[in-house]
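Here is the structure we will look at.
Number of protein chains: 2
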Amino acid sequence: MRLTRFTDFGLRALMRMASEPERAYSTAEIAGEFGISRNHLTKTIAALAAAGIVETRRGTGGGAVLARPPAKLRLGDIVGVLEQKSAMVECFSTDGGACVITPTCRLKGILSGARSRFLNDLNAYTLADCALPPKPERRNGDVR
Amino acid sequence: MRLTRFTDFGLRALMRMASEPERAYSTAEIAGEFGISRNHLTKTIAALAAAGIVETRRGTGGGAVLARPPAKLRLGDIVGVLEQKSAMVECFSTDGGACVITPTCRLKGILSGARSRFLNDLNAYTLADCALPPKPERRNGDVR
Chain U
262 MRLTRFTDFG LRALMRMASE PERAYSTAEI AGEFGISRNH LTKTIAALAA
312 AGIVETRRGT GGGAVLARPP AKLRLGDIVG VLEQKSAMVE CFSTDGGACV
362 ITPTCRLKGI LSGARSRFLN DLNAYTLADC ALPPKPERRN GDVR
Chain G
262 MRLTRFTDFG LRALMRMASE PERAYSTAEI AGEFGISRNH LTKTIAALAA
312 AGIVETRRGT GGGAVLARPP AKLRLGDIVG VLEQKSAMVE CFSTDGGACV
362 ITPTCRLKGI LSGARSRFLN DLNAYTLADC ALPPKPERRN GDVR
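Going down the list, the sequences are from chains U and G. As numbered in the working numbering, residues 262 to 405 make up the first sequence, in order. As numbered in the working numbering, residues 262 to 405 make up the second sequence, in order.
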């Protein structure tokens with residue numbers, strides 16, 4: 262089972278933001294640190310902002326900042342938002358897919374239940390449990 | 262979260278085989294019914310055979326047949342075999358990926374635990390719970 266790159270990048274960005282929860286991070290800074298596509302990251306941040314997980318600030322020193330303290334942001338909720346458009350198998354896609362067994366399939370409900378429990382299970386953890394240590398060049402002592 | 266097409270096709274094939282657990286199914290028959298690639302399916306069946314989930318019979322009337330009764334084949338074990346090569350995120354790949362936060366990452370262990378529990382959770386079900394009804398043209402009354 263795979264999580265999308267969208268989710269992978271989103272989680273990395275949030276783990277970095279959780280290093281200094283009060284600070285705004287530009288997508289250029291995060292993309293640069295992780296060596297990932299800035300374009301992809303911008304879309305990911307937009308989805309996180311739409312879901313109320315981050316807030317974006319304009320202007321000098323602007324960027325994305327966590328909307329709530331890391332300990333209030335549960336991992337299952339975050340993964341659920343980022344994986345929203347990701348179909349577990351063909352029949353989970355918004356158009357329903359073309360699988361011929363769909364009408365009689367008893368597996369879909371089983372998989373759907375296991376997916377929900379996977380997200381609930383991740384909700385036992387918050388972003389505080391996986392905040393990255395502050396970057397070496399910013400050892401100012403006021404970060405978690 | 263997505264399962265691979267490899268897993269999707271493997272599950273469909275097994276659900277069909279569970280309709281008549283004593284019968285051997287050719288990849289051509291299963292691929293034809295589901296409109297999926299015979300080449301892909303052949304690789305999937307080979308992986309299932311290597312894991313002892315199906316047996317393959319040669320010759321006329323040959324093909325793949327379940328190695329054990331459907332009620333003895335647990336879904337988590339099956340999905341675990343089929344998803345064996347599927348990295349949940351970059352750092353789960355066999356080469357370890359290139360994610361720069363790997364040394365300090367606390368998320369990998371959390372995701373790994375949730376993945377294990379997802380498979381354990383699926384092990385509450387067996388192939389008997391999602392066997393397909395027999396195909397209409399084979400209403401011979403001796404199938405489950």
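Just so it is clear, CB atoms sit at the ideal spot from N, CA and C, and this is done for glycine as well.
Give the secondary structure of residue i by DSSP, where H, G and I count as helix, E and B as strand, and everything else as coil.
| i | result |
| --- | --- |
| U/R378 | helix |
| U/E241 | This structure cannot speak to residue 241 of chain U, because chain U is shown only from 262 to 405. |
| G/G324 | strand |
Residue i touches chain G at which residues, Cβ-Cβ below 7 Å?
| i | result |
| --- | --- |
| U/A348 | R263 |
| U/S375 | In the sequence on display, residue 375 of chain U carries Ala and not Ser. Ordered by position in chain G, the residues that pass the 7 Å Cβ test against U/A375 are F379, D382, L383. |
| U/L368 | L272, M276, C391 |
| U/L302 | Here the premise fails: no neighbours, minimum Cβ distance about 14 Å. |
Can you tell me whether residue i is buried or exposed? The criterion is at least 16 other CB atoms within 10 Å of its CB, across all chains shown.
| i | result |
| --- | --- |
| U/A311 | exposed |
| G/T303 | exposed |
| U/E283 | exposed |
| U/D356 | exposed |
| U/G337 | buried |
| G/P394 | exposed |
| U/T305 | buried |
| G/G293 | exposed |
| G/R376 | buried |
| U/A359 | exposed |
| G/V361 | exposed |
| G/G271 | buried |
Pull up the DSSP beta-bridge partners for residue i, would you.
| i | result |
| --- | --- |
| U/R263 | G/R263 |
| G/R335 | G/T387 |
Can you pull the chain G residues whose beta carbon is under 9 Å from the beta carbon of residue i, in chain order?
| i | result |
| --- | --- |
| U/I362 | R273, M276, R277, E294, F295, L393 |
| U/T288 | The premise fails here: U/T288 is roughly 16 Å from chain G at the closest Cβ pair, so nothing lies under 9 Å. |
Can you find a C-beta in chain U that's less than 8 Å from the C-beta of residue i?
| i | result |
| --- | --- |
| G/I371 | yes |
| G/D382 | yes |
| G/D390 | yes |
| G/R299 | no |
| G/L309 | no |
| G/E410 | Because chain G here runs from 262 to 405, residue 410 of chain G falls outside it and cannot be looked at. |
Would you please verify whether the beta carbon of residue i is less than 8 Å from any beta carbon of chain G?
| i | result |
| --- | --- |
| U/F379 | yes |
| U/L327 | no |
| U/T365 | yes |
| U/R405 | Only weak support exists for where U/R405 lies, its pLDDT of 42 falling under 50; the value from the coordinates is given anyway. Output row for U/R405: interface = no. |
| U/S280 | no |
Quick one: list the residues of chain G neighbouring residue i, beta-carbon separation under 8 Å, in chain order.
| i | result |
| --- | --- |
| U/D356 | Those do not exist, as U/D356 stays about 16 Å from chain G at its closest Cβ, beyond 8 Å. |
| U/L334 | Ordered by position in chain G, no residue passes the 8 Å Cβ test against U/L334, which lies about 13 Å from the chain. |
Please list the partners that residue i has in chain U, where partner means a Cβ-to-Cβ separation under 7 Å.
| i | result |
| --- | --- |
| G/D269 | V350, E351 |
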